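Residue numbers (numbering that gives the first Met the number 0): 0 to 101.
Every residue gets a Cβ at the ideal spot worked out from N, C-alpha and C, and that includes glycine.
Please read these numbers as outputs of a predicted model, since none were measured by experiment.
Okay, so here's the structure we're looking at.
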Amino acid sequence: MDAAVAATKLPESEVAGKATVLIFPDLNTGNNTYKAVQRSAGAIAVGPVLQGLRKPVNDLSRGALVQDIVNTVSITAIQAQSPATATSPTSPTSPTQKAQSA
0 MDAAVAATKL PESEVAGKAT VLIFPDLNTG NNTYKAVQRS AGAIAVGPVL QGLRKPVNDL
60 SRGALVQDIV NTVSITAIQA QSPATATSPT SPTSPTQKAQ SA
C-alpha cells in the first residue's frame, strides 16, 4: 500500500505499493479495518464484500450512509449477475460436489 516501503521490499515488482483491494480473514476484521481507513482517510470504501455463498449477500452497518447503501447494492447486483454465483464452492451444482456425488 505504501509505494516507498514496497520499493524497498519488492524493488522489481510492478504492482507493489498499488493495492486497491484488501482481503481479510473474517467479516469483523474486514468491517473494522475498512471503516477505520474510510473514516480516517476520507476514502470511498465499498465492503465488506462476501464471497463463496450460494447467493450474493453483503453487510451494511447501522451507521451506513445513503452512498454506502447505493455502493453495496451495486456490488451485490453485479454479484447476482455473475455466472460464478451458480457454481460457488457451497453450491450443490458446483463441479466439486458433482464429482463427489458421482
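Between the alpha carbons of residue i and residue j, how many angstroms are there, rounded?
i: residue 9; j: residue 69; result: 37 angstroms
i: residue 75; j: residue 28; result: 20 angstroms
i: residue 58; j: residue 4; result: 32 angstroms
i: residue 51; j: residue 13; result: 29 angstroms
i: residue 22; j: residue 49; result: 10 angstroms
i: residue 73; j: residue 63; result: 15 angstroms
For residue i, which residues of its own chain have a beta-carbon under 7 angstroms away from its beta-carbon, when the five flanking residues on both sides are left out?
i: residue 55; result: 75, 78, 79 and 84
Answer with buried or exposed for residue i, where buried requires no fewer than 16 other C-beta atoms within 10 angstroms of its C-beta.
i: residue 24; result: exposed
i: residue 46; result: buried
i: residue 100; result: Caution is warranted here: a pLDDT of 49 is assigned to residue 100, below 50, making its placement in the model unreliable, and the coordinate value is therefore given only provisionally. It counts as exposed.
Between which residues of its own chain and residue i is the CB-CB distance below 8 angstroms, once the five residues before and five after are set aside?
i: residue 91; result: Note that residue 91 scores a pLDDT of 49, beneath 50, so its modelled location is shaky and nothing firm can be said.
I'd like the list of long-range same chain contacts for residue i, defined as Cβ closer than 6 angstroms, with 5 residues on each side in sequence excluded.
i: residue 20; result: none
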